[in-house]
């Protein structure tokens, strides 16, 4: 699967909002969205920003969601097809499936400064789920799953150092964290209010259903 190797900040500028692709850096003055070009999309024609067509509006919502969680189109559509098969609102189902990815859970536990860093931590085998090592970033975490850190000094130091950088970080209610060990348990499914990205999921459903 192809990888995007360009600047992450271009994605935020294109969507006109912070996608938190660089973690804590996005909260500083170095963030491109905070600087003067915040109203400009990347490229020489970036100043041409408007509402656009109905197709364009729906495309932007889909791209925003896809880039927020860091995936390619084929993988994103696989999640959408799965969300369609589930009972309930397809848009909310899609958001819940994406939110329960292991790399996102690791990020939401403050085990990593960004989702990109969380994917690397998972891929390098630092994270265990229910006592088994999982090195697949899109592994689906379910209610009752226990997330622990590899029993090695290096792995534990990496996670504890990250937790120490933001001691006032508040873990969302659907995750229960024990920072001393460190380990966590997923106690419930995330609700729509827990998903912090400002996105119109119904427009994403309309785009992917066309």
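Residue numbers (UniProt numbering): 1 to 210.
We treat Cβ as the ideally placed atom computed from N, Cα and C, and that holds for glycine.
Just so it is clear, the structure is predicted and the values come from calculations on it, not from any experiment.
query: So, helix, strand or coil for residue 169, using DSSP?
result: Here the question's residue 169 lines up with position 169 in the chain shown. Three-state result, residue 169: coil.
- request: Would you decide whether residue 114 is buried or exposed? Buried here means 16 or more other CB atoms lie within 10 Å of its CB.
  value: As a working mapping, residue 114 is identified with position 114 in the chain shown. Counting Cβ neighbours within 10 Å, residue 114 comes out buried, since at least 16 surround it.
query: Are the beta-carbon atoms belonging to residue 76 and residue 66 less than 8 Å from one another?
result: Counting from one through the chain shown, the residue named residue 76 turns up at place 76. Counting from one through the chain shown, the residue named residue 66 turns up at place 66. For residue 76 and residue 66, yes; Cβs fall inside 8 Å.
field: Three-state class that DSSP yields for residue 86 in the structure shown
entry: As a first step, residue 86 must be located in the chain shown, where it is residue number 86. Three-state result, residue 86: coil.
task: Excluding the 5 residues preceding and the 5 following residue 106 in the sequence, name in chain order all residues of the same chain whose CB lies nearer than 7 Å to its CB.
output: Numbered from its first residue, the chain shown carries residue 106 at position 106. Result list for residue 106: 112, 118, 121, 122, 127, in chain order.
task: Would you check if there are 3 or more beta carbon pairs closer than 8 Å linking the stretch 186-203 to the stretch 90-110?
output: yes
Limits of the unbroken beta strand (DSSP E) element including residue 147: Position 147 of the chain shown, counted from the start, is the residue given in the question as residue 147. Unbroken beta strand (DSSP E) run through residue 147: 146-149.
Short Cβ contact (8 Å threshold) for residue 169 with residue 110: Start at 1 with the first residue of the chain shown, and residue 169 comes out as number 169. Start at 1 with the first residue of the chain shown, and residue 110 comes out as number 110. Taking 8 Å as the Cβ cut-off, residue 169 and residue 110 qualify as a contacting pair.
Delimiting residues of the beta strand (DSSP E) encompassing residue 197: Locating residue 197 in the chain shown gives position 197, counting from the first residue. No beta strand (DSSP E) holds residue 197; DSSP gives it neither H nor E.
task: Can you check DSSP and say which residues form a bridge with residue 176?
output: Counting from 1 along the chain shown, the entry for residue 176 is found at position 176. Paired residue(s): 185.
- prompt: In whole angstroms, what is the alpha-carbon distance linking residue 165 and residue 60?
  reply: For this step, residue 165 is matched to residue 165 along the chain shown. For this step, residue 60 is matched to residue 60 along the chain shown. Approximately 34 Å between the Cα atoms of the pair.
task: Pick out whichever of 177, 79, 152, 52 has its Cα sitting closest to the Cα of residue 101.
output: What you label residue 101 is simply residue 101 of the chain shown in a count that begins at 1. Selected option, being the one with the closest Cα: 79.
message: Along the chain, where does the beta strand (DSSP E) containing residue 127 start, and where does it finish?
response: Residue numbering aside, residue 127 sits at position 127 when the chain shown is read from its first letter. Segment 127-129, the beta strand (DSSP E) holding residue 127.
message: Based on DSSP bridge pairs, tell me the residues matched to residue 164.
response: Looking up residue 164 in the chain shown gives position 164. Paired residues: none, contrary to the question.
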